[in-house]
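*Asks:* Residue 388 in our numbering sits at position 120 of the sequence shown, with consecutive numbering throughout.
All C-beta atoms in this analysis are idealised placements derived from N, C-alpha and C, irrespective of residue type, glycine included.
Input: one structure, supplied below.
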Amino acid sequence: MDPTILVVDDDPHLREVIADALGDEGYDVRQAADGQRALEKIAEAAPDLVLSDISMPRLTGVELAERLSRRASPVPVVLMSATTIAPPVATEMFLRKPFALDELLGLVASALRKTSHSRRHDVGALQGGR
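Okay, structure coming up:
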């Protein structure tokens, strides 16, 4: 099954460009216009990774990342922003806008590898290290 990525950005054009690029790479891509709508979509089906803008109405990317980190099964988040200051929250990674699509795709692949490795390690620990 292809990894599912939720793209969250209030700029519909940028959101669509990112979704198209990820879809072309074989990812199952979902979209949300803000953090609140993202939480609703995650409640329906948790993605493997969230790629979120920081500055959005209703619920910012930072607030979204904080909420997702407190879940029983945390969802990894890559935050994006045009600001030069890193976000004040622990995230998998940070992507500064504007960015090249190759940079985005590399970061997504890296974040998914880390998540996959972490989940395998957790399962191995639960099974007694097997």
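Let's see if you can read the secondary structure: which residues bound the beta strand (DSSP E) around D321?
*Replies:* 317 to 321 is the span of the beta strand (DSSP E), which, as asked, contains D321.
*Asks:* How would you label M269, buried or exposed, when you count the other beta carbons within 10 angstroms and need 16 or more for buried?
*Replies:* exposed
*Asks:* So, V376 versus L317, is the Cβ gap smaller than 8 angstroms?
*Replies:* L317 is positioned such that its CB atom lies closer than 8 angstroms to that of V376.
*Asks:* Express the C-alpha separation of S378 and V330 in angstroms, rounding to a whole number.
*Replies:* 20 angstroms
*Asks:* Exposed or buried, P280, counting other C-beta atoms within 10 Å across all chains shown (16 or more means buried)?
*Replies:* By the 10 Å Cβ count, P280 comes out exposed.
*Asks:* Could you check where the alpha helix (DSSP H) with L282 kicks off and where it finishes?
*Replies:* 280 to 292
*Asks:* Kindly indicate which three-state DSSP category L363 falls into: helix, strand or coil?
*Replies:* strand
*Asks:* Our contact map puts D296 next to P271 with C-beta atoms below 8 angstroms; I'd like the distance itself, whole angstroms only.
*Replies:* 7 angstroms
*Asks:* Return yes when the Cβ of V343 is within less than 8 angstroms of the Cβ of I310, no when it is not.
*Replies:* yes
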